[in-house]
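Chains as they are written, first to last, in our numbering: chain W, 45 to 214; chain S, 122 to 642.
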């Protein structure tokens, strides 16, 4: 039997796209019948694929009986949704008022220097994105940083690199 | 002797090391052959003391230690095995005697930190579900009347009388009605909703169920922000437990009444904390604000009559029903009835949640509870009521914390967030941030907010860069007025509040070039 690895590149790509499309369609079908199911659907697609592929917005739209433009409108409205592939992990620096009061402006200004990645970009070697976030609800112990689903308090430029190296999986 | 150890699983407790303390404790107890039960409770909200470790043994009650670091753990375990807890350097006394907690009037937050948050037995043992059991014996109108007597006003920020809102939904015609809990707590400096959902989720579930009985709604949604993953897990766990025990579902406590509840996640949009944007988001649409009327109480979620209330409002309902509206109304002053959960944040030594009757002064909260700034520098500015609240100066801190008194000062109490800044703050930068944030988060529906915030940011770019002219500040005030008067919702309408209060209360930070001389306006 011919192994999958020996398939020509174009065939492999086509096969990958096929599975992605099927995954999107399956998730969309699951949520299309629930009231207001589009956001839960988009969350699930992004959790599975890491992003919401622009190419398959039409498949989502058809499951929900919407136009592709309407689905695009929803995806583009919310900060959480991405339409291009991205790192699987994220580091979010809280830049809202309570953290500003306890030193996040310095953190925000210096983070690119100490981590070697700009905001809204993926780290060149480590598998994470750097993002700003506005409030993690940890306002009594700021500045706050969220790494994946964990929140860290009283973070400064001196403590951040070690925190990142411990919490981010390479 | 049975020993129970409580270490919180709250976001803030974990953010300052609670998880590491647990690991260290487990190891040290193993080495010392100490037998104990570990309970991961919610937080009591005394965040200056987290990681807080509570030890319950014998007749001494629960003894508190905090803030405990990993290095403190071995000596703590030794103190327990030797029966010499009082001698430990982190010893705080009995947890209920800690002045920070003892001096509060805890109604909504009374159970927080007592036990495993999702555990129904624990909730029931602490008076839980008494409110629902009573509500099941009352008519919908009688439940609404009880809320009216309590004087409860919406805790989300707008302070609208809850009883009147519920009456409108009760009186509205409709086969299907909804209860929506606004758990999109996006305001910086506020965390009371998160704390409650992580520490006492059943209280919210109970309050929403009572609300459903009151207005005739059988379905509820909790719209939770995606920045709160721990609250999501806790709510979902508690809902499963409540379903299994008959406190949610098709037959509430065997009464034949029905109420179902679902958690829906937001997607990082601040404006979805505005109730009509939230409803659109729940419907799977862009979180764009709707024009009012129609009120959500008449045409809300999917066009049906809908109660939209904040987490704390709905949670308060359970104790109001359990103990009666009159009991709740005993607390507070004037038309600010009951208690207000204040959240002390920013540059503060002992931040956290302080539930007190309305009327305590801001000074008292910052200095007596908060212990002043964490940096040790003087307080210069305090923002009360979230990002859309006014910046008060240090000579305005005698203000009593009531809706009315804050409004008189040109500010607002909002959701009770208090963010303290020391004297290193640049108020022009804070004003700039307010406009910048509004420009980023505006839903775009109305022009004053969508364009006004961008123009406001441009003017403040010049102020921050010291290239503003005196005309710029006139222009900025003009823009603020337009946004206030003509915006569709509170975001555009209130963004001028922090901007103008910064200009009025800290004019020395707004330098402009005027006739070749730099002057403060």
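Think of the CB as a built atom: it goes at the ideal place given N, C-alpha and C, for glycine as much as any other residue.
Next on the checklist: List, in chain order, every chain W residue whose beta-carbon is nearer than 8 angstroms to that of residue 465 of chain S.
Outcome noted: Translated into the one-based positions of the second chain, residue 465 of chain S becomes position 344. Going along chain W in sequence order, the residues near residue 465 of chain S (Cβ under 8 angstroms) are 184.
Checklist entry - Hey, quick one: how far does the beta strand (DSSP E) through residue 574 of chain S stretch, first residue to last? => result Residue 574 of chain S sits at position 453 when you count from the first residue of the second chain. Not the beta strand (DSSP E): residue 574 of chain S falls in the alpha helix (DSSP H), residues 568-585.
Next on the checklist: Ignoring anything shorter than 4 residues, give me the alpha helix (DSSP H) runs that lie fully in the segment 159-245 of chain S, in order along the chain.
Outcome noted: DSSP runs (the alpha helix (DSSP H)) wholly in the segment 159-245 of chain S: 194-203 and 220-223.
Checklist entry - In whole angstroms, what separates the C-alpha of residue 556 of chain S from that of residue 632 of chain S? => result Here residue 556 of chain S is taken as the residue at index 435 of the second chain, counted from 1. Here residue 632 of chain S is taken as the residue at index 511 of the second chain, counted from 1. In a straight line, the C-alpha of residue 556 of chain S is about 18 angstroms away from that of residue 632 of chain S.
Checklist entry - Quick one, are the C-beta atoms of residue 304 of chain S and residue 418 of chain S less than 8 angstroms apart? => result Your numbering for residue 304 of chain S matches position 183 in the second chain. Your numbering for residue 418 of chain S matches position 297 in the second chain. Not in contact: residue 304 of chain S and residue 418 of chain S (Cβ atoms no closer than 8 angstroms).
Next on the checklist: In the DSSP assignment, the alpha helix (DSSP H) including residue 156 of chain W goes from what residue to what residue?
Outcome noted: Sequence index remark: in the first chain, residue 156 of chain W carries index 112 (1-based). Residue 156 of chain W: member of the alpha helix (DSSP H) spanning 148-159, first to last residue.
Checklist entry - Where do the ends of the beta strand (DSSP E) carrying residue 278 of chain S lie? => result As a first step, residue 278 of chain S must be located in the second chain, where it is residue number 157. Where residue 278 of chain S is concerned, there is no enclosing beta strand (DSSP E), because DSSP gives it neither an H nor an E.
Checklist entry - Who does residue 431 of chain S pair with in a DSSP beta bridge? => result In the second chain, counting from the first residue as 1, residue 431 of chain S sits at position 310. BP columns for residue 431 of chain S point to S:303.
Item to check | Cβ of residue 187 of chain S within 8 angstroms of any chain W Cβ | outcome: By 1-based counting over the second chain, the position of residue 187 of chain S is 66. So no, residue 187 of chain S is outside the interface.
Next on the checklist: Taking its Cβ as the centre, do 16 or more other Cβ atoms sit within 10 Å of residue 208 of chain S, making it buried, or is it exposed?
Outcome noted: Numbered from its first residue, the second chain carries residue 208 of chain S at position 87. When all chains shown are included, residue 208 of chain S counts as exposed.
Checklist entry - With residue 181 of chain W and residue 148 of chain W assumed to form a contact (beta carbons below 8 angstroms), what rounded beta-carbon distance in angstroms separates them? => result By 1-based counting over the first chain, the position of residue 181 of chain W is 137. By 1-based counting over the first chain, the position of residue 148 of chain W is 104. Their Cβ separation, rounded to whole angstroms, is 14 angstroms, which puts residue 181 of chain W and residue 148 of chain W out of contact at 8 angstroms.
Checklist entry - In the segment 598-615 of chain S, which residues sit with their C-beta less than 7 angstroms from some C-beta in chain A, listed in chain order? => result No chain A is present in this structure, whose protein chains are W and S.
Checklist entry - What does residue 180 of chain W touch in chain S if you count any residue whose Cβ is under 7 angstroms from its own? => result In the first chain, residue 180 of chain W corresponds to position 136, counting from 1. The contacting residues are 348.
Checklist entry - Would you say residue 627 of chain S reaches chain W, if we count a Cβ-Cβ gap shorter than 8 angstroms as a contact? => result Numbered from its first residue, the second chain carries residue 627 of chain S at position 506. Not an interface residue.
Item to check | Same chain only: Cβ atoms within 7 angstroms of residue 225 of chain S, ignoring 5 sequence neighbours per side | outcome: Taking the first residue of the second chain as 1, we reach residue 225 of chain S at position 104. Closer than 7 angstroms at Cβ, skipping near neighbours: 475, 476 and 477.
Item to check | Buried versus exposed, by CB contacts within 10 Å (16 or more), residue 86 of chain S | outcome: Given a span of 122 to 642 for chain S in the structure shown, any question on residue 86 of chain S remains unanswerable.
Checklist entry - Between residue 495 of chain S and residue 488 of chain S, what straight-line distance do the alpha-carbon atoms span, to the nearest angstrom? => result The residue given as residue 495 of chain S occupies position 374 in the second chain. The residue given as residue 488 of chain S occupies position 367 in the second chain. Rounded to the nearest angstrom, the two C-alpha atoms are 11 angstroms apart.
Next on the checklist: Any beta carbon of chain W sitting closer than 8 angstroms to that of residue 307 of chain S?
Outcome noted: Within the second chain, residue 307 of chain S is the residue found at index 186, counting from 1. Among the residues facing chain W, residue 307 of chain S is included, as its CB has a counterpart in that chain under 8 angstroms away.
Checklist entry - Ends of the beta strand (DSSP E) at residue 122 of chain S? => result As a position in the second chain, residue 122 of chain S is number 1, starting the count at 1. Run containing residue 122 of chain S: none; DSSP gives neither H nor E here.
Item to check | DSSP-derived helix/strand/coil call for residue 368 of chain S | outcome: Here residue 368 of chain S refers to the residue found at position 247 of the second chain. Three-state result, residue 368 of chain S: coil.
Checklist entry - If you draw a straight line from the alpha carbon of residue 435 of chain S to that of residue 329 of chain S, how long is it in whole angstroms? => result As a position in the second chain, residue 435 of chain S is number 314, starting the count at 1. As a position in the second chain, residue 329 of chain S is number 208, starting the count at 1. Looking at the backbone, the Cα of residue 435 of chain S and that of residue 329 of chain S are separated by about 6 angstroms.
Next on the checklist: Measuring straight from C-alpha to C-alpha, what distance separates residue 106 of chain W and residue 114 of chain W?
Outcome noted: Within the first chain, residue 106 of chain W is the residue found at index 62, counting from 1. Within the first chain, residue 114 of chain W is the residue found at index 70, counting from 1. One C-alpha to the other measures close to 11 angstroms.
Next on the checklist: Please list, in chain order, the chain W residues whose beta carbon lies closer than 8 angstroms to that of residue 540 of chain S.
Outcome noted: Counting from 1 along the second chain, the entry for residue 540 of chain S is found at position 419. What residue 540 of chain S touches in chain W: 141, 142, 145 and 183.
Checklist entry - Using a Cβ-Cβ cut-off of 7 angstroms (strictly less than) and excluding sequence neighbours within five positions of residue 45 of chain W, which residues of its own chain qualify? => result Taking the first residue of the first chain as 1, we reach residue 45 of chain W at position 1. Bear in mind that the predicted position of residue 45 of chain W carries a pLDDT of just 44, short of 50, making it unreliable; the figure below should be weighed with that in mind. Once the five neighbours on either side are set aside, residue 45 of chain W has no close Cβ partner at all.
Checklist entry - If you run the structure through DSSP and keep just helix, strand and coil, what is residue 522 of chain S? => result In the second chain, the residue the question calls residue 522 of chain S occupies position 401. Looking at residue 522 of chain S - three-state DSSP - the assignment turns out to be coil, as it is neither helix nor strand.
Item to check | First and last residue of the uninterrupted alpha helix (DSSP H) at residue 469 of chain S | outcome: Numbered from its first residue, the second chain carries residue 469 of chain S at position 348. No alpha helix (DSSP H) holds residue 469 of chain S; DSSP gives it neither H nor E.
Next on the checklist: In chain order, what are the residue ranges of uninterrupted beta strand (DSSP E) at least 3 long that sit wholly in the segment 444-512 of chain S?
Outcome noted: 460-467, 473-478 and 500-505
Checklist entry - By a C-beta neighbour count over all protein chains shown, 10 Å radius and 16 as the cutoff for buried, is residue 201 of chain S buried or exposed? => result Position 80 of the second chain, counting from 1, holds the residue named residue 201 of chain S. Buried is the call here.
Item to check | Every unbroken beta strand (DSSP E) within the segment 302-380 of chain S, with a cutoff of 3 residues, ordered by chain | outcome: Here the runs fully enclosed are 340-345.
Checklist entry - Taking all protein chains shown into account, do 16 or more other C-beta atoms lie within 10 angstroms of the C-beta of residue 62 of chain W, making it buried, or fewer, making it exposed? => result Numbered from its first residue, the first chain carries residue 62 of chain W at position 18. By the 10 Å Cβ count, residue 62 of chain W comes out exposed.
Next on the checklist: Give me, in chain order, the residues of the same chain whose beta-carbon lies closer than 6 angstroms to that of residue 183 of chain W; leave out the 5 immediate sequence neighbours on both sides.
Outcome noted: One-based indexing of the first chain puts residue 183 of chain W at position 139. Cβ within range, chain order: 142.
Next on the checklist: Taking 8 angstroms as the threshold (beta carbon to beta carbon), is residue 445 of chain S in contact with chain W?
Outcome noted: Within the second chain, numbered from 1, the residue matching residue 445 of chain S stands at position 324. Chain W contact via Cβ: absent.
Next on the checklist: Please confirm whether residue 495 of chain S has its beta-carbon closer than 8 angstroms to some beta-carbon of chain W.
Outcome noted: Numbered from 1 along the second chain, position 374 holds the residue referred to as residue 495 of chain S. Answer yes: the Cβ-Cβ gap between residue 495 of chain S and chain W drops below 8 angstroms somewhere.
Checklist entry - Does the Cβ-Cβ distance between residue 92 of chain W and residue 67 of chain W come in under 8 angstroms? => result Here residue 92 of chain W refers to the residue found at position 48 of the first chain. Here residue 67 of chain W refers to the residue found at position 23 of the first chain. Contact flag set, yes.
Checklist entry - Taking residue 136 of chain S as the reference, which of W:126, W:205, W:197 and W:167 has the closest Cα? => result Here the question's residue 136 of chain S lines up with position 15 in the second chain. Residue W:197 is the option with its Cα nearest to residue 136 of chain S.
Item to check | Where residue 408 of chain S falls, given that 16 or more other Cβ within 10 Å makes a residue buried | outcome: By one-based count along the second chain, residue 408 of chain S stands at place 287. Around the CB of residue 408 of chain S, 16 or more other CB atoms lie within 10 Å, so the residue is classed as buried.
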